[in-house]
Amino acid sequence: MITFIVLAGLLVAGALLLVLPPLLRARGRDEAEPEQAAIALKVLREQLAELDADLAAGRLDAATHAQARDELERRALEEGEASAASVAAAEAKPAKRWALALALGVPAMAAVAYVALGNPDGLDPAKVAGRQGFSQAEIADMVGKLAARLEQEPDNVEGWLMLARSYAVLQDYDKAARTYERVAKLAPGEPDVYADWADVVAARMGSVAGEAEALAQKALDLAPEHPKALALAGTAAYQRKDFAAAAAHWEKILARIPPGDDLARGVRASIDDAREKAGLPPLAEAPAAAAPSAHPSSALTLSGRVDIDAALRDELAPDDTVFVFVRGEGGGPPLAALRFRGNELPRDFSFDGVPLMTGDASVPVRVAVAARVSKSGNVTAAAGDLEGRLSGVAPDASGLKLTIDTRH
């Protein structure tokens with residue numbers, strides 16, 4: 001019963017443990033450093049699991065959960081960067097490209113973990129929150145049970161995606177790659193799937209060249225600005241000494257990062273390194289960053305009123321959970337979410353000031369806003385849930401009328 005919450009809590013910190021240690025390790029490096037980093041990341045992993053359990057139990061709202069999770073992810077990235085600080089520059093440059101590829105993939109993974117949170121068969125969040133840690137054997141057992149259950153649910157895209165990521169956390173890259181292949185057949189238009197598939201193939205092969213690069217390119221064919229796919233494609237180009245192409249890929253990533261951000265400085269340094277090797281001048285200095293806004297969500301101010309269709313009102317219980325969330329018009333993980341109770345409908349809503357679940361990523365020009373009534377309280381859609389949706393909406397639209405009028 002606790003499989004989904006535990007696995008969701010492990011995804012972000014576990015993803016960092018997949019690739020960062022072998023990539024950031026250099027010959028002659030002090031063995032105490034990766035051990036210290038692993039201990040620090042283990043603590044962060046447990047804190048992430050507790051956060052997700054609190055969200056599922058209703059002790060945290062979606063906005064508070066997202067803000068706290070963003071902070072933990074930043075700390076996890078800082079641990080990874082600190083563990084790499086003593087690597088010699090000549091040996092570290094290719095590894096830094098890998099670390100960048102992984103780091104840029106973390107926000108997307110966190111969002112997927114949020115979407116996949118919950119077990120359709122029932123959860124006991126209080127029990128999960130009481131647990132302080134899980135052994136590798138326990139995790140492997142949970143993954144095995146999830147795999148067995150999914151054999152009875154061959155079309156459960158979110159479940160198979162969770163399983164693929166879980167295999168990656170366990171460093172079973174063969175099973176992870178095969179599972180991503182299955183997910184890609186179920187959801188052929190999802191760039192995140194191809195980017196993550198490329199990631200595990202690269203981890204298995206020890207190189208981004210070949211199959212991993214081809215998969216990253218498929219992701220870019222679907223979403224030309226996909227950060228993780230751009231990072232992987234840039235790494236592949238750098239490895240084959242096509243430094244101009246590597247710089248071009250990474251420049252697209254840099255355009256999506258606030259100029260004053262620490263990550264922006266690291267990406268800029270990598271770009272200038274590639275440009276120098278390609279015989280190109282360094283990038284022009286970025287303009288001074290404007291004063292940061294109170295929330296990274298300032299571009300998302302969408303507001304309106306949500307209600308349920310009269311034909312379905314009798315099916316709405318006072319204690320039902322109502323989620324209102326915004327995604328990119330083409331799908332993908334939620335950008336932000338709100339949570340209400342059934343007895344609050346009709347209800348005005350606004351995303352002005354709500355922290356983005358995708359960190360500082362830019363908001364698409366067009367978004368979709370949806371509402372879902374969940375009988376279980378889980379964010380994962382289940383058969384029988386009541387839903388409503390508006391597509392092609394500007395992120396600063398106001399006066400929207402969102403009606404829950406269909407059944408999942």
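According to UniProt numbering, the sequence shown is numbered sequentially starting from 1.
Every residue, glycine too, gets a C-beta built ideally from N, C-alpha and C.
Residues that DSSP places opposite residue 386 in a beta bridge:
373 and 407
Helix, strand or coil, according to DSSP, for residue 336 in the structure here?
Residue 336: strand per DSSP, three-state reduction.
Suppose the cutoff is 7 angstroms on Cβ atoms and the five residues either side in sequence are ignored; what does the same chain contact list for residue 388 look like?
Shown here for residue 388: same chain residues with a beta carbon closer than 7 angstroms to its own, the five before and five after excluded, namely 370, 371, 402, 403, 404, 405 and 406 in chain order.
Are residue 397 and residue 302 closer than 8 angstroms when you measure CB to CB?
Contact: yes.
From the DSSP output, read off the bridge partner residues of residue 341.
321
Taking the alpha-carbon positions, what's the residue 149 to residue 392 distance?
When the Cα atoms are used, residue 149 and residue 392 turn out to be separated by approximately 36 angstroms.
Where in the segment 208-276 do unbroken runs of the alpha helix (DSSP H), each at least 4 residues long, occur, reported from the N-terminal end onward?
Every unbroken stretch of the alpha helix (DSSP H) spanning 4 or more residues and falling wholly within the segment 208-276 is given here in chain order: 211-222, 227-239 and 243-254.
Which of the three DSSP states, helix, strand or coil, is assigned to residue 199?
The three-state reading of DSSP puts residue 199 in helix, counting H, G and I together.
Measuring CB to CB, does residue 284 end up less than 8 angstroms from residue 243?
Contact: no.
Report the rounded CA-to-CA distance for residue 376 versus residue 317, giving the unit in angstroms.
Whole-angstrom Cα-Cα distance: 11 angstroms.
When the Cβ atoms of the segment 248-262 are set against those of the segment 218-228, are three or more pairs found closer than 8 angstroms?
yes
Spatial distance of residue 276 from residue 374 (CA atoms)
54 angstroms
Beta-carbon contacts of residue 89 that lie in its chain and below 7 angstroms, excluding the five residues immediately before and after:
With a pLDDT of 39 at residue 89, under the threshold of 50, the predicted position of this residue should be treated as unreliable, though the coordinate-derived value follows. Cβ neighbours of residue 89 beyond the five flanking positions: none.
Going by beta carbon distance, what residues of the same chain come within less than 6 angstroms of residue 105, once the five residues before and after it are set aside?
Low confidence applies to residue 105: its pLDDT is 40, below 50, so where it sits in the model is not reliable enough to give any reading.
Go to residue 307, then tell me how far its beta strand (DSSP E) extends in each direction, as first and last residue.
303-308
With residue 186 and residue 212 assumed to form a contact (beta carbons below 8 angstroms), what rounded beta-carbon distance in angstroms separates them?
Actually they do not touch by this definition, with Cβ atoms about 21 angstroms apart.
For the alpha helix (DSSP H) containing residue 166, name the first residue and the last one.
Its alpha helix (DSSP H) spans residues 157-169.
DSSP beta-bridge partners of residue 393
DSSP links residue 393 through a beta bridge to 367.
Skipping 5 residues on each side, what residues in its chain have a beta carbon closer than 6 angstroms to that of residue 216?
198, 229, 232 and 233
Measure the C-alpha to C-alpha separation of residue 264 and residue 247 and round it to an integer number of angstroms.
Cα to Cα, the separation comes out at about 14 angstroms.
Among 314, 182, 348 and 170, which residue has its Cα nearest to the Cα of residue 160?
182
Applying the criterion that 16 or more other CB atoms from any shown protein chain within 10 Å of the CB defines a buried residue, is residue 339 buried or exposed?
Flag for residue 339 reads buried.
My output table needs one value for residue 312: the three-state DSSP class, helix, strand or coil.
DSSP places residue 312 in helix when its eight states are reduced to three.
Residue 280 versus residue 271 - alpha carbon distance
10 angstroms
Starting from residue 352 and walking both ways along the beta strand (DSSP E), at which residues does that stretch end?
In the DSSP assignment, residue 352 falls outside any beta strand (DSSP E) and carries neither an H nor an E.
Residues sharing a beta bridge with residue 146, DSSP
Residue pairing of residue 146 in beta bridges, as defined by DSSP: absent, with no partner found.
Would you mind sorting residue 267 into buried or exposed? The rule is 16 or more other CB atoms within 10 Å of its CB.
buried
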